[in-house]
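Q: Let me begin by handing over the structure; questions about it come next.
Numbering (the numbering used here), first residue to last: 562 to 821.
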């Protein structure tokens, strides 16, 4: 099983040149097969490939839950995941959309035609969002060792429910959904937190999981802002040091008397 890092000897300059042995984030490819047919190959952090595969299939609309899955097997080398469905006549989709995700992401699902606006009464204070973001970053074990990865998390409004790390920011969302599928947790109504940019693909995955609040330490894209407004998703960016920008549906953010 991969530790997520690989050790290299490299040179560093800090007044003088020094040779050190240090950790570098591991990156590899994984191919997802459904009923023996290859569906996708992606670059990722080669850990928790079962979660990545299941979450990807769910977020792409290819499975509706674990009731559709008969078996999941990660090959010994970790470079492929076999998913066997209860339905024998699965046909892989042919239409692929290249995304802005790291490693040339691919999506099959045109969510603009399938997602309905979210109906959620969830509210949260800005202070609690900052606490959850800090808690997520403290859980980032790979980032603490070697940097170079994205972290995402699901929170129920009070505490973190699941955390995932990967070289691809979109992969972290799929790993979160796969984790929930394997643990029998429903992410609908939860807060999605991320360290990376919120692209249209990311907001689409959040919509598929029915997460009404999406929060990032950095920026959204123009399309993600438009989709968040259309799908009734609260979109928060640049959450750092008590400051934030709210790009869509600010009504879910409560301001308490001690928060200005």
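Ideal Cβ placement from N, Cα and C applies to all residues, glycine included.
1) Which residue comes first and which comes last in the beta strand (DSSP E) that contains residue 586?
2) Per DSSP, what kind of secondary structure is residue 804 in: helix, strand or coil?
3) Where in the segment 692-754 do unbroken runs of the alpha helix (DSSP H), each at least 4 residues long, occur, reported from the N-terminal end onward?
4) If I measure Cβ to Cβ from residue 615 and keep anything under 6 Å in the same chain, skipping five residues before and after, which residues do I get?
5) Quick check on residue 653: does DSSP put it in helix, strand or coil?
6) By the three-class DSSP mapping on this structure, what secondary structure does residue 623 have?
7) Can the beta-carbon of residue 763 be found less than 8 Å from the beta-carbon of residue 730?
8) Provide the residue span of the beta strand (DSSP E) that contains residue 769, from first to last.
9) Under 8 Å by Cβ, that's how I've got residue 776 and residue 690 pegged, so tell me the actual separation to the nearest angstrom.
10) Using three-state DSSP, classify residue 757 as helix, strand or coil.
11) Assuming residue 783 is part of the alpha helix (DSSP H), what are its boundary residues?
12) Mind checking who residue 617 pairs with in its DSSP beta bridge?
13) Given a threshold of 16 other Cβ atoms within 10 Å of its Cβ, counted over all protein chains shown, does residue 569 qualify as buried or as exposed?
14) In this structure, what does DSSP give as the bridge partners for residue 571?
15) Suppose contacts are defined by Cβ-Cβ distances below 8 Å. Is residue 606 in contact with residue 565 by that definition?
16) Quick check: residue 653 and residue 591, are their CB atoms within less than 8 Å of each other?
A: Taking the geometry as given:
1) 578-586
2) strand
3) With a minimum length of 4 residues, the continuous alpha helix (DSSP H) runs that stay inside the segment 692-754 are 702-707 and 730-744.
4) Short of 6 Å from the beta carbon of residue 615, and not among the five residues preceding or following it, lie these beta carbons of its own chain, in chain order: 739 and 742.
5) coil
6) coil
7) It is a contact, given that the beta carbons lie within the stated cut-off.
8) Not the beta strand (DSSP E): residue 769 falls in the alpha helix (DSSP H), residues 761-770.
9) Residue 776 to residue 690, Cβ: 6 Å. Contact.
10) Reduced to three states, the DSSP call for residue 757 is coil.
11) 783-791
12) DSSP, once it has assigned bridges, lists no residue as partnering residue 617.
13) Exposed, by the Cβ-count rule.
14) 581
15) yes
16) no
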